[in-house]
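As you go down the protein sequences, you meet chains A and B in turn. Every letter in the first sequence is one number past the one before it in full-length UniProt numbering, and letter 92, counting from 1, is 92. Every letter in the second sequence is one number past the one before it in full-length UniProt numbering, and letter 131, counting from 1, is 131.
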Amino acid sequence: MSLSRFLIKRSLQGLFVIWGVITVVFGLRFISPGDPANVLLPPDVDPEVRAQVIAELGLNEPLYVQYWEFVSGIPFGDLGLSLVTRTPVAARVVAKLPATLELAIAATVVAVVIAIPLGVLSATRRHQPADYGATVFSLVGISTPNFWLGVMLILVLAVQLNLFPTSQRPIGLDGIAMLLAGGEAGAAIRGFVTWLWHITLPAITLGTYFTALITRLTRSGMLDQLGQTYVRASRAKGLPETLVRYKHALRNTLIPVITVIGLQLGTLIGGAVITEAVFAWPGLGTLIINSINARDWPVLQGSLIVVAVGFVLVNILVDALYAYVNPQVAYD
Amino acid sequence: MISERTRRNLRRELRRSLLAKLGIIVVVLMVAMAVFAPFISPYSPSQQNLDNSRQPPLGFSTKETKEVTKMEDGSVVIEDGQVVTETQTVYTNATAAHPLGTDGNGRDILSRIIYGARTSILVGLFGTSLAALIGVLVGLSAGFYRGRVDDVLMRSADIMLAFPSLVLAIALVGVWGQAQAPIPDPFVATGLAPAFRSAVGLPTGMPETVVLPGTVIVVVALVNWVWFARVARGEALSIREEEYVKAAKALGASDGRTMLRHVLPNAITPILVLATIQVAAIILLESALSFLGFSGADVSWGFDIALGRQYQSTAWWISTMPGLAIVVTVIGLNLVGDWLRDALDPGIEGEGGV
Numbered sequence: 001m002s003l004s005r006f007l008i009k010r011s012l013q014g015l016f017v018i019w020g021v022i023t024v025v026f027g028l029r030f031i032s033p034g035d036p037a038n039v040l041l042p043p044d045v046d047p048e049v050r051a052q053v054i055a056e057l058g059l060n061e062p063l064y065v066q067y068w069e070f071v072s073g074i075p076f077g078d079l080g081l082s083l084v085t086r087t088p089v090a091a092r093v094v095a096k097l098p099a100t101l102e103l104a105i106a107a108t109v110v111a112v113v114i115a116i117p118l119g120v121l122s123a124t125r126r127h128q129p130a131d132y133g134a135t136v137f138s139l140v141g142i143s144t145p146n147f148w149l150g151v152m153l154i155l156v157l158a159v160q161l162n163l164f165p166t167s168q169r170p171i172g173l174d175g176i177a178m179l180l181a182g183g184e185a186g187a188a189i190r191g192f193v194t195w196l197w198h199i200t201l202p203a204i205t206l207g208t209y210f211t212a213l214i215t216r217l218t219r220s221g222m223l224d225q226l227g228q229t230y231v232r233a234s235r236a237k238g239l240p241e242t243l244v245r246y247k248h249a250l251r252n253t254l255i256p257v258i259t260v261i262g263l264q265l266g267t268l269i270g271g272a273v274i275t276e277a278v279f280a281w282p283g284l285g286t287l288i289i290n291s292i293n294a295r296d297w298p299v300l301q302g303s304l305i306v307v308a309v310g311f312v313l314v315n316i317l318v319d320a321l322y323a324y325v326n327p328q329v330a331y332d
Numbered sequence: 001m002i003s004e005r006t007r008r009n010l011r012r013e014l015r016r017s018l019l020a021k022l023g024i025i026v027v028v029l030m031v032a033m034a035v036f037a038p039f040i041s042p043y044s045p046s047q048q049n050l051d052n053s054r055q056p057p058l059g060f061s062t063k064e065t066k067e068v069t070k071m072e073d074g075s076v077v078i079e080d081g082q083v084v085t086e087t088q089t090v091y092t093n094a095t096a097a098h099p100l101g102t103d104g105n106g107r108d109i110l111s112r113i114i115y116g117a118r119t120s121i122l123v124g125l126f127g128t129s130l131a132a133l134i135g136v137l138v139g140l141s142a143g144f145y146r147g148r149v150d151d152v153l154m155r156s157a158d159i160m161l162a163f164p165s166l167v168l169a170i171a172l173v174g175v176w177g178q179a180q181a182p183i184p185d186p187f188v189a190t191g192l193a194p195a196f197r198s199a200v201g202l203p204t205g206m207p208e209t210v211v212l213p214g215t216v217i218v219v220v221a222l223v224n225w226v227w228f229a230r231v232a233r234g235e236a237l238s239i240r241e242e243e244y245v246k247a248a249k250a251l252g253a254s255d256g257r258t259m260l261r262h263v264l265p266n267a268i269t270p271i272l273v274l275a276t277i278q279v280a281a282i283i284l285l286e287s288a289l290s291f292l293g294f295s296g297a298d299v300s301w302g303f304d305i306a307l308g309r310q311y312q313s314t315a316w317w318i319s320t321m322p323g324l325a326i327v328v329t330v331i332g333l334n335l336v337g338d339w340l341r342d343a344l345d346p347g348i349e350g351e352g353g354v
């Protein structure tokens, strides 16, 4: 199968999954005890008013009409109206997206910058103190709930030592970009420092699990590669050890590692939800939790769709990249 | 079902690996703690003592300055028509009565950790079992029948995988509400635990029921069955080509019988390894749901971490201790998982082998 045919097939599968996601999210409302009108109305409301509200929300329409109403707007970015504020859901989700994305990116940067050198070090010094240190670190890292890590970081570094703020996001990368565009370079730099200062603890909180996971993967991948015949051949040929390790072995190790980083993006968003709750970070996670507490189902549904569709798209992208960099892959 | 060779591999790996021994010890201790909670817990997890709140754990003491009403000769001092206050330094010392300290309501943290283990382990075991049941049924059928059945089942698995598990779990529990089933604690109901406690002089009045967090168990299973389905399907795909499966079919065995008697036993090893790791993942998921206040549990490690946050500047141990309990348990389970994987699947080498 050629690359383009593979991509077409993968995209069609992706479209099917997106349809499934939307349908599952639509169905979510029906497992909720009580109907949405109760969110808007006091319990002792006049039955006529109640009937009117139900009609306005379209809840007395046949199911297929409600489903069509729900599905048909989504391709055009219409995720319906919030039950509570009666404003478009899509606008609220989009407004929260930058905070979550920059948290996820910062965590990935933390993870990659620490984990890949650590994994390589661990593999090349097998059964030496550095290897044991890295192994223990990755074991503890994948076993620590990130919300507790966040609470501990706040406890020690923010409350006791006062090195970092406990929470809040006074400025985001979007705000900094606007300052830059407005030609205020000085303010942009100050803004960036503030941003960095505020995102450090949340990024470590979210990134630790990934750091541990990628360290493990890099270590085992690197060990695997160093045992391959081509490595022995290169050594026998007299290539310098640094070249063998860092050019050949590391390069082949990184392909699966990068795939895993891409595929773990969903877990990263899941982790972001709870990290946001710990640090009062105003992103998608906070929006999801607030919408559940307010029983604002359309906002919850819209957020879920955005998260899941984003994840499906990233997966397709990762698959395409993987197929592109690794021609050996069988496209199926 | 477990062959002699498998058992030999397990024993050999266990002898070789210090970490595997450590993992087993931790897991056994945690399970014992959960099962025998009504015998060993120093107090009831819900017993409050507001006069003794925020007592530090052994080895620590706290110093706090408080504004108190100034008293002279047993009466309030009033100057210019106002009650006079003075600052007083209050020291709180640790006592052996509460080795891990007390929380904001004066409840014993050790007792809460012991009882919290019940919630974690109940959800971990039942959640994993349910997830394995659903996942293995789906995966075996998909791999065994292939074709249309496989397509439908695996595409629905893809749909589930598109949601980050924590986000889906929060949404499901949030929408569904929290159903919990109190089950009578067998040790308290039979009078064994109270008799033991009064015999050794421990305070009685332990909770009479164990709360089974029903919704949380169903939700974690719904979120995590996919992993079992994938593994079971992969195994079934290769096992269905084996001679003995073909022979069973030729002898007229029904599909169900073939799957359960011939395919499943040969697929059980990777499913067991996965299950161990899934117990750890599900315990983490439960603690996250409880931390966010969505699980409805009021004795849970995650919930206690959240409770401790309001005391983060005065009583660090309230959030710290239950978190340590989670980390230790999950490390133990991961070590057991590594042991099983290293012993049963010699193809994978390297990780965890200290």
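C-beta: ideal position from N, C-alpha, C; glycine also. Quick caveat: nothing in here was measured; it's all calculated off a predicted structure.
Residues of the region 101-123 of chain B whose Cβ lies closer than 9 angstroms to any Cβ of chain A: none. For LEU139 (chain A), the chain B residues whose Cβ falls inside 7 angstroms of its Cβ are ILE331 and ASN334, in order along the chain. Listed in chain order, the non-local C-beta contacts of ILE282 (chain B) below 8 angstroms within the same chain comprise VAL123, GLY124, GLY127, THR128, ALA131, VAL220 and ASN224, local neighbours out to five positions each way being set aside. For ILE74 (chain A), no beta strand (DSSP E) run applies, since DSSP gives it neither H nor E. For PHE147 (chain A), the nearest CB of chain B lies under 8 angstroms from its own CB, placing it at the interface with that chain. Look at VAL175 (chain B): its C-beta is under 8 angstroms from a C-beta on chain A. Between THR215 (chain B) and ARG54 (chain B), the CB-CB gap reaches or exceeds 8 angstroms. VAL211 (chain B) is bridged by DSSP to B:PRO182. For ALA94 (chain B), the closest alpha carbon among the candidates B:MET160, B:VAL152, B:PRO56 and B:MET154 is that of B:PRO56. Looking from the CA of THR69 (chain B), the closest CA among B:SER61, B:VAL84, B:GLY59 and B:THR62 belongs to B:VAL84.
Between ILE40 (chain B) and MET33 (chain B) a beta carbon distance of about 7 angstroms is seen, short of the 8 angstroms cut, so the two are scored as contacting. Residues of the region 154-174 of chain B with a Cβ closer than 9 angstroms to any Cβ of chain A, in chain order: ARG155, SER156, ASP158, ILE159, MET160, LEU161, ALA162, PHE163, PRO164, SER165, LEU166, VAL167, LEU168, ALA169, ILE170, ALA171, LEU172, VAL173 and GLY174. Using a CB distance below 9 angstroms, the part of the region 307-330 of chain B facing chain A consists of GLY308, ARG309, GLN312, SER313, TRP316, SER319, THR320, PRO322, GLY323, LEU324, ILE326, VAL327, VAL328, THR329 and VAL330, ordered along the chain.
Within the region 306-327 of chain A, contact with chain B at the beta-carbon level (separation under 9 angstroms) is assigned to VAL307, ALA308, VAL309, PHE311, VAL312 and ASN315.
Residues of the region 286-299 of chain B with a C-beta atom less than 8 angstroms from some C-beta of chain A are SER287, ALA288, PHE291, LEU292 and PHE294, listed in chain order.
Look at SER32 (chain A): its C-beta is under 8 angstroms from a C-beta on chain B.
When the alpha-carbon of GLY283 (chain A) is set against those of A:PRO256, A:ILE171, A:THR208 and A:THR218, the nearest one is in A:ILE171.
PRO270 (chain B) places its beta carbon 8 angstroms or farther from that of TRP301 (chain B).
Under a criterion of Cβ atoms nearer than 7 angstroms, the residues of chain B adjacent to ALA277 (chain A) are, in order, LEU292. Between the C-alpha atoms of VAL231 (chain A) and ARG251 (chain A) there is a straight-line separation of about 12 angstroms. Taking a beta-carbon distance threshold of 8 angstroms, SER82 (chain A) does not count as an interface residue toward chain B. Scanning chain A for C-beta atoms nearer than 7 angstroms to the C-beta of ILE268 (chain B) yields nothing, as the closest lies near 25 angstroms away. Residue pairing from DSSP places GLN82 (chain B) in a beta bridge opposite B:GLU79. Judged by their CB atoms, ALA181 (chain B) and LEU202 (chain B) are not nearer to each other than the 8 angstroms cut-off.
The C-alpha of ALA280 (chain A) is placed about 25 angstroms away from the C-alpha of VAL299 (chain B).
Distance from the CA atom of VAL257 (chain A) to the CA atom of VAL309 (chain A), rounded to whole angstroms, is 23 angstroms. Assignment of alpha helix (DSSP H) within the region 154-205 of chain A, counting only whole runs of 4 or more residues, yields 173-181 in chain order.
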